[in-house]
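Structure first, commentary second.
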Amino acid sequence: MPEGANPKAKIAVFISGTGTNMAALLYASRLPTANYEIVLVASNAPDAAGLTLAAEEGVAVFAHAHRGMERSDHDSIMEQAAKDAGAEYIVLAGYMRILSDSFVERWAGRMLNIHPSLLPKYRGLDTHQRALDAGDASAGATVHLVSSELDAGEILGQSDVAIMPDDTAETLAERVRIAEHQLYPHIVNDYTGRCFDAAWLLGRVRALALQLPEAEERESHGSPGWRTGGKTGKFFAHFNDQHHGERHIALLAKTSGQDEMTALIERDPDVFYRPKYYGASGWIGLILNRPDTDWTQVEHWLERSWQSVAPKRLTKLLDIANEF
Ligand code: GAR
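Under my numbering, think of the first position of the sequence shown as 384, with each following residue one higher.
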């Protein structure tokens, strides 16, 4: 990895058939702008053509037929293969299996799928014929997060494909496939790279900070910060994007003092650091630009920090709310 470059997200691609979307993802992963790498291509169909291609291309492959197995047992075998390969995300690309709820829950927010329709239209199968039968002017493809309801998770991106007068389900499928090959690598790249993206991180911190009572955003030393308690209120959080030559994008929150700060950094140096200047007055940095930021922990620190500066009339309210 070149110095200063972000680590690449590791993805396992699950396929059942030709694997052309897998191929598009693979070739895109070799571009200099790629935020992800494919660590495994896995299939429930040992003779899937995509497996041969992946192996030829030097990617690790795995196959296990599902016939005669309980759904959850087969899922576990596939999941274990992904984990053994070090996958942080599972990307379904023509993986024609419904997944068990527990598997989906364990990978919530880290499992993506591509579906050949403009969801929420035409979940399930035969999407192209259904679009033609309905007389739609356009069809398309959708990339979405996988949730327990089939083809119903949060939509991350869509591509429109015009329906032509003499289209059949086959000709339409072929053009939708071309659109998919553009869409999927693009969305996977954005999604796996956003944990290093300052604008995305700021948006997420901002949403959490502004949930706290009487929180308002104010610039402080050229960076966004949040304070509470009205005009004379105090800051409870700052957002630093690689300040003073530091490589971190971070949330700064108030600790009880130097002893606590030292203990936290010693215990968890991948998460905490002492920010320049601010560190001297008890502000700790929580590093956000890493693949596994714990957003519950970020929320906890925002709330704690807010508690430490908010006027009594406000902290009382939050204490009462927390009792319920
Ligand atoms: C793709 O068109 C994908 O959208 C679809 O299967 C095809 C796989 O093609 N997926 C589904 O229908 C999922 N419900 P590929 O193997 O050539 O990538």
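We put the beta carbon where it would ideally sit given N, CA and C, even for glycine.
Please read these numbers as outputs of a predicted model, since none were measured by experiment.
*asked:* Under 7 angstroms: does the beta carbon of T401 sit that close to some heavy atom of the ligand GAR?
replied: yes
*Among H527, R513, L482, which one has its Cα closest to the Cα of H498?*
H527
*Taking only heavy atoms of the ligand GAR into account, decide whether any of them is closer than 7 angstroms to the Cβ of E599.*
no
*C-beta atoms of W689 and L584 nearer than 8 angstroms*: no
_Restricting to Cα atoms, I'd like to know which of F622, K617, K699 is closest to G605._
F622
_I need the boundaries of the beta strand (DSSP E) containing G523, first residue and last residue._
521-528
*Could you name each continuous beta strand (DSSP E) segment of 3 residues or more that falls completely within the region 403-489, going from the start of the chain to the end?*
419-426, 444-446, 472-475
*Contact set for S459: own chain, Cβ-Cβ below 8 angstroms, skip 5 residues either direction*: F486
*In three-state terms, what does DSSP make of D573?*
helix
*asked:* Please tell me whether R650 has its Cβ less than 8 angstroms away from any Cβ of chain D.
replied: The structure shown contains no chain D; it holds only a single protein chain.
*Which class does D642 belong to by DSSP, given the choice of helix, strand or coil?*
helix
*Flag G540 as yes when its Cβ comes closer than 7 angstroms to any non-hydrogen atom of the ligand GAR, and as no otherwise.*
no
_Reduced DSSP category for S399 - H, G, I as helix; E, B as strand; rest coil_ = coil
*Where does P503 land, buried or exposed, given buried means 16+ other C-beta within 10 angstroms?*
exposed
*Going by the beta-carbon positions, is the gap between A582 and Y472 smaller than 8 angstroms?*
no
*Taking the alpha-carbon positions, what's the I546 to H564 distance?*
18 angstroms
*asked:* Do I421 and V396 count as a contact pair if the criterion is CB distance below 8 angstroms?
replied: yes
*Would you be able to state if there are at least three C-beta pairs under 8 angstroms between the region 563-579 and the region 409-421?*
yes
_For A407, the nearest candidate out of N427, K699, R560, L591 (CA to CA)_ = R560
*Would you say S500 and A522 are within 8 angstroms of each other, going by their C-beta atoms?*
yes
*Work out the CA separation of R506 and S639 for me, nearest whole Å.*
52 angstroms
_Beta-carbon within less than 7 angstroms of F579's beta-carbon, same chain only, minus the 5 sequence neighbours each way: which residues are those?_
N389, N672
*asked:* For Q625, report the span of its beta strand (DSSP E) as first-last.
replied: No beta strand (DSSP E) holds Q625; DSSP gives it neither H nor E.
*Report buried or exposed for T525, applying the criterion of at least 16 other Cβ atoms within 10 angstroms of its Cβ.*
buried
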